[in-house]
Every structure is written in C-alpha cells, then in structure tokens.
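In this note's numbering, the protein residues as written are 1451 to 1768.
Each residue gets a CB set at the ideal place from its N, CA and C atoms; glycine is no exception.
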Ligand code: AMP
Ligand code: MG
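Written as structure tokens, this is what we have:
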C-alpha cells in the first residue's frame, strides 16, 4: 500500500531513505507529479520503468539540484547555457550530449548519447534533491500512456498498488509537463511543447524555435509518439456541441447548451488556468458511462500549444 507523506522534515527524510535504498517515490513538481528514483542506480531506474510499465526505449528526464550538477552530466553549448540561466529552476528540459564517464544508469539515456536535464522549481522537489545530493530520474508518476497526475490522489489512483510513497505537495501549479528542447547546429528544436512557451524561449535568446527533433534524433524522444495522455473514453476535438452519451470539456464564456456532464477549463478563457485544470478535469469526465469526451477548441496561443499537443495525443488512435 502506498504511504501518503506530507512536506515536513520527517516526511522528506523518509522519502530520502527510500531513495537511498534504490526505491522510488512520487514527488510534486511545478509541472506534474514525478516518479523519482536515483538516476545513478540501475535497480532504482528499473523500478521506475516497471512501476510505470514504461517501454525501455523511452528515456527519462533527469532532475538536478543546480547548474553545477547539470554540467557534471551534460555538455552545455552557449545557447543551452543561456536557456538554463534564463529558465532554471523551471519547466524547461534541455537535451544535451552526455558527459563521458558519468555514473548515470544506462536505461536513462538513449544509447548513452544524450541526456535530458531539468532543474525543477518546486520547493519540495528542491529540498529532496539537495538533501539527496545525486540526480533524480523522474518521469510523470502515471502508468505509461495514461494522463499525467497533477495531484497526489491522481498518483494513488494510478500507481497506489505499486509504489511505496508519494509526497503530497498540493495540486501542481502549471499542470502540463516541461517543455523539452535540444540545441543542434546552432538551432533550438522543440521536442515537446510544455510549461514554458515557445515565444518566451525564443525571446530570451533572440532566436526562432524549430518544431520537431533534429533529423538525427527523431527516435530519441518517444514523447513525440502519437498516442499518449489517454483517458479511458475517446476524445473528440474542436467540438462546438456535445451529443447524448458524451461529456463536454468546455473552454471560455461561450459554452454550447448541454444537459449532460460538463465542466469548463476556464470560463474566462485564461489558458494558464486551462493548463492547470486540463488533466484533473479530463479525469473527472472520464467516467464509466461516458463514451466520448467532446473538447471545445483551445486557441494555439502561448501554453495553448502544449494543451493542444496533449489533447491531440489523447484523441489519437490507440
Ligand atoms: P515524461 O516521461 O512524461 O517525463 O516525459 C519525458 C520526455 O522526455 C519524453 O518525451 C522522453 O522521450 C523525453 N526525453 C528524455 N530523455 C531524452 C533524451 N535524452 N533525448 C530526447 N528526449 C528525451
Ligand atoms: Mg509522461
């Protein structure tokens, strides 16, 4: 049975004991809850993969306490360094060439060539990282292919039978996963839209952001695989109405009339609020008697790009 921990000193010490014995523990981050394990321990990393049922070819994001720890693991070019300076701690993940002779467990990196690094902003995750002193691999704390958890209760619903503990740090502030970028040949490639929006990244370094992976890396980031973030019900996008048997996920002030189950991501059309609500509200509508969740159009502005990315995958063939 999973133990639900608070955020006090003793609870954090208990989580660190687990990590030191190569166990996994779910931790709050500002994006979604992560399933953390010692990135330098082969048994810990194996436990992450088996708890999630994650395919072995899908590499893990490694969370670091600071830039010094990051530089011991990845080779920073000038642009990546500027991005880390601008956005860390925060929801930006940088894919970098792996430093030679790091102690990182091989399953964490695709073929030992690159490593995905992020310094998270959540104070609880930061305390755990600095007390633990080693990098933590932490994918989202959900069964592989399902929606990411934004509360400790979501973690318990998905992994409660298979992991020893979760620290309850309240609902995740951002609600979608980190933005993943990779610098290659002087260009910034967007591998996954997320918590920090494209234009903000571009503006910080005065560059445009290229969509997709550099040609040499297409298969290295399976987060780009089509079906992902899937509820049990099917998902219908750009809905202007909902039919009987459906549930309606609305956005903005102009909801169509509907007597069935419905909920609004943000009645004020605030995209940040919609991102924070997205996974929790999808779960709320994903009930046994609902065949399809009809989702109103979400503007492709700012974090709307990340919301639409998750919705598109949730709607794609499984
Ligand atoms: P999650 O499992 O939700 O934490 O998502 C992690 C994302 O980062 C996935 O899309 C991974 O494929 C991607 N990722 C992790 N490590 C790498 C890497 N070295 N190169 C490219 N993508 C990576
Ligand atoms: Mg995930």
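With a threshold of 16 other CB atoms inside 10 Å of the CB of residue 1597, please say whether the residue is buried or exposed. By 1-based counting over the chain shown, the position of residue 1597 is 147. By the neighbour-count rule (16 or more Cβ atoms within 10 Å), residue 1597 is buried.
Would you decide whether residue 1693 is buried or exposed? Buried here means 16 or more other CB atoms lie within 10 Å of its CB. Looking up residue 1693 in the chain shown gives position 243. Exposed: under 16 other Cβ atoms inside 10 Å.
By a C-beta neighbour count over all protein chains shown, 10 Å radius and 16 as the cutoff for buried, is residue 1637 buried or exposed? By one-based count along the chain shown, residue 1637 stands at place 187. Classification of residue 1637: exposed, given that the 10 Å Cβ count is below 16.
Three or more beta-carbon pairs under 8 Å between the stretch 1514-1526 and the stretch 1645-1661, yes or no? These segments do not touch.
Give the list of continuous alpha helix (DSSP H) stretches no shorter than 4 residues that lie fully inside the stretch 1566-1614. The alpha helix (DSSP H) runs of length 4 or more contained entirely in the stretch 1566-1614 are, from start to end of the chain, 1573-1582, 1602-1609.
For residue 1486 and residue 1512, the rounded distance between their alpha carbons: Against the chain shown, residue 1512 aligns to sequence position 62. Against the chain shown, residue 1486 aligns to sequence position 36. Near 9 Å, if we compare the C-alpha coordinates of residue 1486 and residue 1512.
Let me check you understand the geometry: is the CB of residue 1508 closer than 8 Å to at least one non-hydrogen atom of ligand 1? Position 58 of the chain shown holds residue 1508. Shortest gap from the CB of residue 1508 to any heavy atom of ligand 1: under 8 Å.
Burial state of residue 1753 (16 or more Cβ within 10 Å): Here residue 1753 corresponds to residue number 303 of the chain shown, with the count starting at 1. Flag for residue 1753 reads buried.
Per DSSP, which one or two residues make a beta bridge with residue 1639? In the chain shown, residue 1639 corresponds to position 189, counting from 1. 1632, 1660.
Residues bridged to residue 1714 (per DSSP): Looking up residue 1714 in the chain shown gives position 264. DSSP output for residue 1714 lists 1700 as bridge partner(s).
Along the chain, where does the beta strand (DSSP E) containing residue 1454 start, and where does it finish? Mapped onto the chain shown, residue 1454 falls at position 4. That run of the beta strand (DSSP E) goes 1453-1455.
Consult DSSP for residue 1541 and reduce its assignment to one of helix, strand or coil. Start at 1 with the first residue of the chain shown, and residue 1541 comes out as number 91. Looking at residue 1541 - three-state DSSP - the assignment turns out to be coil, as it is neither helix nor strand.
Let me check you understand the geometry: is the CB of residue 1590 closer than 8 Å to at least one non-hydrogen atom of ligand 1? If you number the chain shown from 1, residue 1590 lands on position 140. Correct: residue 1590 has its Cβ closer than 8 Å to ligand 1.
CA-CA distance, residue 1572 and residue 1479? As a first step, residue 1572 must be located in the chain shown, where it is residue number 122. As a first step, residue 1479 must be located in the chain shown, where it is residue number 29. For residue 1572 and residue 1479, the distance between alpha carbons rounds to 5 Å.
Compute the beta-carbon to beta-carbon distance between residue 1748 and residue 1761, rounded to the nearest angstrom, for a pair I have assumed lies under 8 Å. The residue labelled residue 1748 in the question sits at position 298 within the chain shown. The residue labelled residue 1761 in the question sits at position 311 within the chain shown. Taking the Cβ atoms as the reference, residue 1748 lies roughly 7 Å from residue 1761, within the contact range of under 8 Å.
Within its chain, find whatever has a CB closer than 7 Å to the CB of residue 1688; leave out the 5 residues flanking it on each side and keep chain order. For the purposes of this step, residue 1688 is taken as the residue at position 238 of the chain shown. Excluding residues within five positions, the ones whose Cβ falls inside 7 Å are 1747.
Residue 1488 - containing beta strand (DSSP E), residue span: By 1-based counting over the chain shown, the position of residue 1488 is 38. Boundaries of the beta strand (DSSP E) harbouring residue 1488: 1484-1488, taken from the DSSP string.
Which term fits residue 1551, buried or exposed, when burial requires 16 or more other beta carbons within 10 angstroms of its beta carbon? Here the question's residue 1551 lines up with position 101 in the chain shown. Note on residue 1551: under 16 other CB atoms within 10 angstroms of its CB, so exposed under the neighbour-count rule.
Following the continuous beta strand (DSSP E) through residue 1511, name the residue where it begins and the one where it ends. As a first step, residue 1511 is located in the chain shown; it is residue number 61 there, counting from the start. Segment 1511-1513, the beta strand (DSSP E) holding residue 1511.
If we call anything under 9 Å between Cβ atoms a contact, is residue 1617 one with residue 1457? Here residue 1617 refers to the residue found at position 167 when the chain shown is read from its first residue. Here residue 1457 refers to the residue found at position 7 when the chain shown is read from its first residue. It is a contact, given that the beta carbons lie within the stated cut-off.
Ordered along the chain, which non-local residues of its own chain (more than five positions away) have a Cβ less than 8 Å from that of residue 1614? In the chain shown, the residue the question calls residue 1614 occupies position 164. Once the five neighbours on either side are set aside, the close Cβ partners of residue 1614 are 1452, 1453, 1468, 1473, 1474, 1475.
Give me the DSSP bridge partner(s) of residue 1680. Your numbering for residue 1680 matches position 230 in the chain shown. For residue 1680, which the question treats as bridged, DSSP gives the partners 1596.
Status (buried if at least 16 other CB within 10 Å, exposed otherwise) for residue 1567: To locate residue 1567, count along the chain shown from 1; it is residue 117. Residue 1567 is buried by the Cβ-count criterion.
Which residue marks the beginning of the alpha helix (DSSP H) containing residue 1477, and which one marks its end? By 1-based counting over the chain shown, the position of residue 1477 is 27. Boundaries around residue 1477 are those of the beta strand (DSSP E), 1475-1477, since no alpha helix (DSSP H) includes it.
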